[in-house]
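One structure is given here, and the rest of the page talks about it.
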Amino acid sequence: MSDAIATFTLVPSVREYETPGSFISRLSAYNCLDSVATLYRLTGARSGRAHAASSQRRLLDMAGVDATSFCEDTSARRNFVALNGHDIKTSQLCRHLPRYCPVCVTEDIASQVGPVGVRSFQRFWWQWSLIGSCHRHGCDLVTSAKEAVRGLPDFASYIVNHMKKIEAEAVAVDVTAGHVLDSYLMDRLMNRRSASTGILDTLPLHVAVNFCEHLGGFLENEYSRRRISRKENDFVRAGLELISEGEEKMFHVLRQRACLGMGKSGLSKTRLYGSLYSMLSTRLGDGEWQPLIKIFQRDAFQKLRLAEGENFLGATYTTPVDSVDGISLKYNVAPSYVVKILEQSGLSQKPARYSEENIRSSRSLSPAEIETAFGWVRSALHPKAASASLGLNREQLMAFGEAGFLRLVRVRCNSGVARRFSDESVEELLRDILALKPVTRMAGEYRSFLGAQKWPAIKPVDLWENVMAGKVSAVRRRECGGFSSVYVHLGDMLNLLISVGQDGHEEDESPLKSLPQHEVMKALRMRAQTVRRLQEIGVLTGFASSGNNQYGARFYYHRSRVDEFARQYASLSTLSEETRIPCCTIGRMFQRAGISPVFEPAVSSTRTALETQIYLRSDFLESMAKLAGNRAYPEAEENGPSDPA
Numbered sequence: 001m002s003d004a005i006a007t008f009t010l011v012p013s014v015r016e017y018e019t020p021g022s023f024i025s026r027l028s029a030y031n032c033l034d035s036v037a038t039l040y041r042l043t044g045a046r047s048g049r050a051h052a053a054s055s056q057r058r059l060l061d062m063a064g065v066d067a068t069s070f071c072e073d074t075s076a077r078r079n080f081v082a083l084n085g086h087d088i089k090t091s092q093l094c095r096h097l098p099r100y101c102p103v104c105v106t107e108d109i110a111s112q113v114g115p116v117g118v119r120s121f122q123r124f125w126w127q128w129s130l131i132g133s134c135h136r137h138g139c140d141l142v143t144s145a146k147e148a149v150r151g152l153p154d155f156a157s158y159i160v161n162h163m164k165k166i167e168a169e170a171v172a173v174d175v176t177a178g179h180v181l182d183s184y185l186m187d188r189l190m191n192r193r194s195a196s197t198g199i200l201d202t203l204p205l206h207v208a209v210n211f212c213e214h215l216g217g218f219l220e221n222e223y224s225r226r227r228i229s230r231k232e233n234d235f236v237r238a239g240l241e242l243i244s245e246g247e248e249k250m251f252h253v254l255r256q257r258a259c260l261g262m263g264k265s266g267l268s269k270t271r272l273y274g275s276l277y278s279m280l281s282t283r284l285g286d287g288e289w290q291p292l293i294k295i296f297q298r299d300a301f302q303k304l305r306l307a308e309g310e311n312f313l314g315a316t317y318t319t320p321v322d323s324v325d326g327i328s329l330k331y332n333v334a335p336s337y338v339v340k341i342l343e344q345s346g347l348s349q350k351p352a353r354y355s356e357e358n359i360r361s362s363r364s365l366s367p368a369e370i371e372t373a374f375g376w377v378r379s380a381l382h383p384k385a386a387s388a389s390l391g392l393n394r395e396q397l398m399a400f401g402e403a404g405f406l407r408l409v410r411v412r413c414n415s416g417v418a419r420r421f422s423d424e425s426v427e428e429l430l431r432d433i434l435a436l437k438p439v440t441r442m443a444g445e446y447r448s449f450l451g452a453q454k455w456p457a458i459k460p461v462d463l464w465e466n467v468m469a470g471k472v473s474a475v476r477r478r479e480c481g482g483f484s485s486v487y488v489h490l491g492d493m494l495n496l497l498i499s500v501g502q503d504g505h506e507e508d509e510s511p512l513k514s515l516p517q518h519e520v521m522k523a524l525r526m527r528a529q530t531v532r533r534l535q536e537i538g539v540l541t542g543f544a545s546s547g548n549n550q551y552g553a554r555f556y557y558h559r560s561r562v563d564e565f566a567r568q569y570a571s572l573s574t575l576s577e578e579t580r581i582p583c584c585t586i587g588r589m590f591q592r593a594g595i596s597p598v599f600e601p602a603v604s605s606t607r608t609a610l611e612t613q614i615y616l617r618s619d620f621l622e623s624m625a626k627l628a629g630n631r632a633y634p635e636a637e638e639n640g641p642s643d644p645a
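See the structure below:
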């Protein structure tokens, strides 16, 4: 090690599937250090668990190793770690106790050269406590005793100090075929094609593991008089074994258990599904859980005696019907709308004229045909649910429905007509949002998508239509959801305002060529009071529009006048920010040159801000040119810029 603080001279190569902690442990052994703690102390890295990620990144930078070389990374979810792109709970990871396959370790030591601690490494899947066996040798993974743990994970030091113990464990291994859970988790982690597990194939790995754990716990403990302590992965194994046999088998086992000791009251959703229903109820708004929620809804609608209009996991139960009259009554949809849907589906001809009081039924329809035509109406979302998923208010939801982005249905209720939105169209919009480029931090040239309602003559639905057409670039923030996470490019939005049209206005007075007050403040680097004062004295022109703003009127300024003002004039503070010259120096330069402000829209007579002293840019450039050509002034030598440009 030539310079322990700046860089490392001796750096081992990164092994495939190695964890960052294992590499740092091998790095300390490769540089002949007794432990990782010594490495941390010599480099000045913090050894606490709260600083583990930052300390690892620092050591990797010192070793010249890219963090992307490893299959382990931080996750956007709280208390999760990304292993090869899959989110895994940190509570399921064994990161502070050495966990390994003794056969793999002995093979590494025998096949590699160098110090013993550097020859072997820790595979990233060894950390996951749900994986109990090695997929190569079939032996159980070994976890060291708690007394062997140190302040910092040190896999290389553990191998050196317990070499004889590891060799004895490798000799005494009991090779087995391995459990289905181990094979399934390894296939999902490595993104390999695995045996079909039904609905689990459509779910993210962390969702599949969570559901299997709850399902196994429900099967093992519910309605059981004797509670037996289980290992950490026993519940996940039991749940995976059952759901791998198919959805019908899973629901059949659930009904068998629910019928044990059942009286004459019949099955209820709480007795049949138990804690599974409670768990799924808390995840109705999570799109990753929707495939599971839908199969439980389908089973409940077919097997349980639900009351008309009863809610089950966000869906409302309705009695099956086979006629226009029945559909109208059960779905609370107007008969004319029922006939319209049937005509569009090709299930019915246009009937003769009828009155609302005496409606004639169409031909009898099969349940499959009705489900095909009206299934989306049954699961249509209330405006509050659609608003919570998309982040739009009621007016914006209606605008998206009229534009065709949302499928809208009007149902009858006691208060008149209520509106519902197709859950499929809502999910399609959410998929379109997820397809946008994800970013963590937002650049200054992007503006909030929902903030478009503050602009004149533009609505969020019009802006989204141009985003889908590729005319406006958009990104989304990772930590947000719905349209509240969407941000659009300001330049594209301004070009869109110009290209829309004039709508009968004069060219200079068109609201499509106007800027909101907050954008004018950003462009001119002025406060709201100064901008309003410039409008009062006639320098800027604009108009006020109340709209739906609860705080009063919104002010808009004509873009042409704002651009012209920005090209010709600038405040003293703006000139200082653009040239990085102190305001006092520019003020003295103007005073010696006899240049006075063109405008002084002072808001207060007792205090005049620097931004209210507005000068011609041409006067400033002329003064700077004279100052650059004349070095006789000592203050110019001290404070003036050497390059006027």
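Take the sequence shown: its letters are residues 1 to 645, numbered as in the working numbering. For each residue, glycine too, the CB sits at the ideal point set by N, CA and C.
Spatial neighbours of residue 244 in its own chain (CB-CB distance under 6 angstroms, excluding positions within 5 residues in sequence) are listed in chain order as 197. For the pair of segments examined, the region 157-164 was found not to touch the region 185-196: the number of CB pairs separated by less than 8 angstroms stays below three. Under the 8 angstroms Cβ criterion, the region 159-173 does not count as touching the region 199-216, having fewer than three qualifying pairs. By the 16-neighbour rule on beta-carbons within 10 angstroms, residue 476 is buried. Looking at the DSSP output, residue 448 sits in a beta bridge with 487. The C-beta distance from residue 135 to residue 201 rounds to 19 angstroms, too long to meet the 8 angstroms contact threshold.
Segment contact: the region 586-593 against the region 555-565, fewer than three CB-CB distances shorter than 8 angstroms; contact not assigned. Here the alpha carbon of residue 337 sits roughly 14 angstroms from the alpha carbon of residue 420. It is roughly 15 angstroms from the alpha-carbon of residue 461 to the alpha-carbon of residue 428. Fewer than three Cβ pairs drawn from the region 73-88 and the region 103-111 lie within less than 8 angstroms of each other, which leaves the two stretches out of contact. When DSSP states are grouped into helix, strand and coil, residue 291 belongs to the helix group. Rounded to the nearest angstrom, the Cβ distance from residue 422 to residue 380 is 6 angstroms, consistent with a contact under 8 angstroms. With distances taken between CA atoms, residue 491 lies nearest to 473 out of 185, 473, 74.
Contact annotation: residue 397 and residue 386 have beta-carbon atoms nearer than 7 angstroms. Comparing alpha-carbon positions, the option among 251, 67, 259 lying closest to residue 301 turns out to be 251.
Spanning the alpha carbons of residue 299 and residue 272 requires a straight line of approximately 11 angstroms. For residue 571, the three-state secondary structure derived from DSSP is strand. Check the Cα spacing between residue 487 and each of 524, 442, 458, 479: the tightest is with 442.
Under the 8 angstroms Cβ criterion, the region 27-37 does not count as touching the region 127-143, having fewer than three qualifying pairs. In its chain, beyond the 5 residues on either side, 92, 181, 185, 209, 232, 233, 236 have a beta carbon closer than 8 angstroms to the beta carbon of residue 130.
Around the beta carbon of residue 259, a 10 Å sphere encloses fewer than 16 other beta carbons of the protein chains shown; the residue is thus reported as exposed.
Taking the Cα positions, residue 121 is about 7 angstroms away from residue 15. Taking residue 276 as reference, the option from 239, 570, 60, 74 with the minimal CA-CA separation is 239. Taking C-beta atoms under 8 angstroms as the contact rule, residue 517 and residue 557 qualify, at a distance of about 7 angstroms. CA-to-CA, the gap between residue 575 and residue 620 works out to about 9 angstroms.
Within the region 380-418, the runs of beta strand (DSSP E) that reach at least 3 residues and sit entirely inside it are, in chain order, 408-413.
Take the alpha-carbon of residue 68 and the one of residue 45: they are about 20 angstroms apart.
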